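Here the structure comes first, spelled out in structure tokens, and everything after it is commentary.
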Amino acid sequence: MHHKTDREIRAVKTTESRLSDSNCSSHTKKMVTATASTPFSLSSSVVFTRRRNFKRFPVCASLSPEVSPLLRAAHHTVDNYVKSGMIIGLGSGEASDFAIRYLGQQLGSGSLHNVVGVPMSARSASEAAKYGIPLEYYRDGVQIDFAFHDADAVEENTLIAVIGRRRSSQEDDYILKQKSIVKVADEAVFMIKEEQYKAGLEGSIPVLVQSLNWLAIAEEIDDLYLGDAEVWRRASVENEGPLGGDFPIVTSDGHNILDVIFTTPIRSLGKSLYCNH
1 MHHKTDREIR AVKTTESRLS DSNCSSHTKK MVTATASTPF SLSSSVVFTR RRNFKRFPVC
61 ASLSPEVSPL LRAAHHTVDN YVKSGMIIGL GSGEASDFAI RYLGQQLGSG SLHNVVGVPM
121 SARSASEAAK YGIPLEYYRD GVQIDFAFHD ADAVEENTLI AVIGRRRSSQ EDDYILKQKS
181 IVKVADEAVF MIKEEQYKAG LEGSIPVLVQ SLNWLAIAEE IDDLYLGDAE VWRRASVENE
241 GPLGGDFPIV TSDGHNILDV IFTTPIRSLG KSLYCNH
């Protein structure tokens, strides 16, 4: 499979009977990154997309209505986007676990063949190994034909996806890898629940910053969103306060994680990020 000039990314929203899918084949995925004059970027855990239209269609009829909506989304994703011979970015989270398991079953039955997975975390690597999916570990320049992942939230109007809100401490070290794999994939799908698909995002936006100057950056972000957000350094233990206590998270590449916690819904996350860069 060759890389497309125009890449596409889709958000799959699950309900009891429907999936939502965005078709953006004529638009390039856009990622915002910090410039030399900007020491931080709220986009460190945000995936930017552009779309042409939005359509709704029924989920796989082969699954009964009692089946978990995320399981439906996982089966739909594998059935509709994964082809034999592909290199697949394997996401992390509940829906991704379902998709990895089903992908392994499809490989085992011979419905798919010559598929290689690139895991986004230790969790997805473990699940893939359990279900017999051959693995290749991520490195710069690796070709990825398709990726699926869980998102914490997706903004309705823009399909901007937020990843990296804390689900477990084991996931903290993989935020940049997850974003990198989604970014380089020719096509990507986020599998989300109905309540994660929002007209106005609220809650935390994780920001990765170099640990040596984290406090100055935190103060700059706090000044930028004064009254609208709180900035907490993520700690490895609970209830350590906004500074992260004695045991702040430090990723393997030397980053602290700042949780920018918005106290009111963000009208447009895309505009907010663009305006501040």
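Just so we're aligned: 138 in the UniProt record's numbering is position 138 of the sequence shown, and the numbers increase by one with no gaps anywhere. Here a beta-carbon is modelled for each residue, glycine too, at the ideal position from N, C-alpha and C. Fair warning: this is a prediction, and the values are worked out from it, not measured in the lab.
One or two residues paired with residue i in a DSSP bridge
| i | result |
| --- | --- |
| R233 | L258 |
| I266 | L201 |
| E241 | One detail in the question is off: residue 241 reads as Gly in this sequence, not Glu. Its beta-bridge partners do not exist; DSSP assigns none. |
| P69 | BP columns for P69 are empty, so no partner. |
Residue i - containing beta strand (DSSP E), residue span
| i | result |
| --- | --- |
| S204 | L201 to Q210 |
| I88 | I87 to L90 |
Endpoints, alpha helix (DSSP H) assigned at residue i
| i | result |
| --- | --- |
| V184 | I175 to V184 |
| S124 | A122 to K130 |
| L224 | W214 to L224 |
For residue j and residue i, the rounded distance between their alpha carbons
| i | j | result |
| --- | --- | --- |
| G117 | L90 | 6 Å |
| V162 | D152 | 6 Å |
| D145 | K198 | 28 Å |
| L201 | I192 | 14 Å |
| R165 | D259 | 8 Å |
| I266 | S111 | 44 Å |
| S22 | H76 | In this prediction, S22 scores a pLDDT of 34, lower than 50, which makes its location untrustworthy; no coordinate-derived value is stated. |
| L226 | S204 | 15 Å |
| L224 | G104 | 46 Å |
| I221 | V250 | 19 Å |
| G132 | S96 | 15 Å |
| F262 | A218 | 14 Å |
| A185 | Q210 | 26 Å |
| S252 | Y137 | 16 Å |
| D150 | P69 | 13 Å |
| K130 | D228 | 44 Å |
Three-state secondary structure (DSSP) of residue i
| i | result |
| --- | --- |
| L112 | coil |
| E136 | coil |
| V78 | helix |
| G141 | coil |
| G117 | strand |
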